[in-house]
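To start, the structure under review is shown below, and the notes come after it.
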Amino acid sequence: MELHDLAEDLPVDWTEIKAIAEKTFAAFAELDSAKRDLAALENSR
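This is how it looks when you write it as structure tokens:
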């Protein structure tokens with residue numbers, strides 16, 4: 211949602227793009243890792 215909110219405020223808050231993008235990237239990386247861990251657990255049954 212932060213990316214959506216940021217987009218609505220552009221170009222006013224353009225300086226926040228990098229910080230929000232880094233947070234979004236980290237969240238998706240964590241989600242991807244959790245998905246891979248879950249798949250590995252399911253395949254080991």
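Residue numbers (my numbering): 211 to 255. For each residue, glycine too, the CB sits at the ideal point set by N, CA and C.
Check                                                                                                             : Outcome
Should residue 269 and residue 216 be called a contact, given that it needs their Cβ atoms to be closer than 9 Å? : Limits of the chain in this structure are 211 at one end and 255 at the other, which puts residue 269 out of reach.
Using the C-alpha atoms, what's the distance from residue 230 back to residue 213?                                : 7 Å
Between the alpha carbons of residue 235 and residue 245, how many angstroms are there, rounded?                  : 15 Å
Using only the alpha-carbon positions, how far apart do residue 218 and residue 239 sit?                          : 25 Å
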